[in-house]
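Mind the numbering: the sequence shown is residues 116 to 274 in the working numbering, read in order.
Here the structure comes first, spelled out in structure tokens, and everything after it is commentary.
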Amino acid sequence: MKVFLMTLLAFGTMFVMPSNAEAAQCVYELQNGRGRTLQVFRDNARNVRAACRQARRDCVRTARAGYYRARRLNCVQRRVIPNRPNRPGNRFVTRSCTAQLTGPIGVVRLTNFTRRARGRNIRAAHRLACQQAMNQCRRAERRISRRFTSCRITTRSPR
Numbered sequence: 116m117k118v119f120l121m122t123l124l125a126f127g128t129m130f131v132m133p134s135n136a137e138a139a140q141c142v143y144e145l146q147n148g149r150g151r152t153l154q155v156f157r158d159n160a161r162n163v164r165a166a167c168r169q170a171r172r173d174c175v176r177t178a179r180a181g182y183y184r185a186r187r188l189n190c191v192q193r194r195v196i197p198n199r200p201n202r203p204g205n206r207f208v209t210r211s212c213t214a215q216l217t218g219p220i221g222v223v224r225l226t227n228f229t230r231r232a233r234g235r236n237i238r239a240a241h242r243l244a245c246q247q248a249m250n251q252c253r254r255a256e257r258r259i260s261r262r263f264t265s266c267r268i269t270t271r272s273p274r
């Protein structure tokens with residue numbers, strides 16, 4: 116009975132353990148009728164089809180939600196990065212960063228913007244994620260157009 120349970124446990128962990136496969140990435144842009152990019156949607160998944168489906172779904176949802184006043188909004192696929200086999204020289208790390216939009220006096224928190232990015236090392240990935248989060252926060256700040264609002268990074272930088 117113990118042998119049976121041990122083999123069952125061994126086979127069960129094979130299906131539960133995460134694999135180290137690189138993720139595919141797809142990028143969609145939400146554009147107005149004049150071709151100006153309003154927002155960028157990136158998604159990672161195990162394959163290109165799933166990544167593009169998720170990024171497109173996020174783009175269409177945002178277009179339908181009515182955040183932007185443009186009469187015509189288009190979701191345009193910009194870039195597809197297929198998944199690559201896991202090679203020793205092809206290792207990337209993923210880091211996230213959060214930017215916070217605060218109201219006057221810095222007390223009222225209006226909203227948070229969290230972005231994830233991949234890079235060859237921790238600092239590069241964190242820097243890119245913070246840059247994307249700040250850009251998204253500043254776009255929202257311009258859209259809201261309240262006086263004395265500000266964006267700031269709330270996550271610590273890696274060592």
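Backbone N, C-alpha and C define an ideal beta-carbon position, used for all residues, glycine too.
Here the structure is a predicted model, which is why all the values come from computation and not from measurement.
- Collapsing the DSSP output to three states places N250 in a helix.
- According to the DSSP assignment, V223 belongs to no beta strand (DSSP E), since it is labelled neither H nor E.
- Membership of A185 in any alpha helix (DSSP H) is not indicated, and neither H nor E is assigned to it by DSSP.
- Per the coordinates, the alpha-carbon of Q215 lies some 6 Å from the alpha-carbon of F228.
- Exclusion of the five residues before and after R224 leaves Q215 and T217 as the residues of its chain whose Cβ lies within less than 7 Å of its Cβ.
- Secondary structure at R168: helix, using DSSP grouped into helix, strand and coil.
- Taking C-alpha positions only, N236 is separated from V191 by approximately 30 Å.
- With fewer than 16 other CB atoms across the displayed protein chains lying within 10 angstroms of its CB, R151 is exposed.
- Annotated three-state conformation of T177 is helix, per DSSP.
- Under the criterion of beta carbons closer than 8 Å, Q140 and N159 qualify as touching, at roughly 5 Å.
- By the neighbour-count definition (other C-beta atoms within 10 Å, threshold 16), F156 is a buried residue.
- Looking at the backbone, the Cα of H241 and that of N198 are separated by about 21 Å.
- Around the beta-carbon of Y143, 16 or more other beta-carbon atoms lie within 10 Å, marking it buried.
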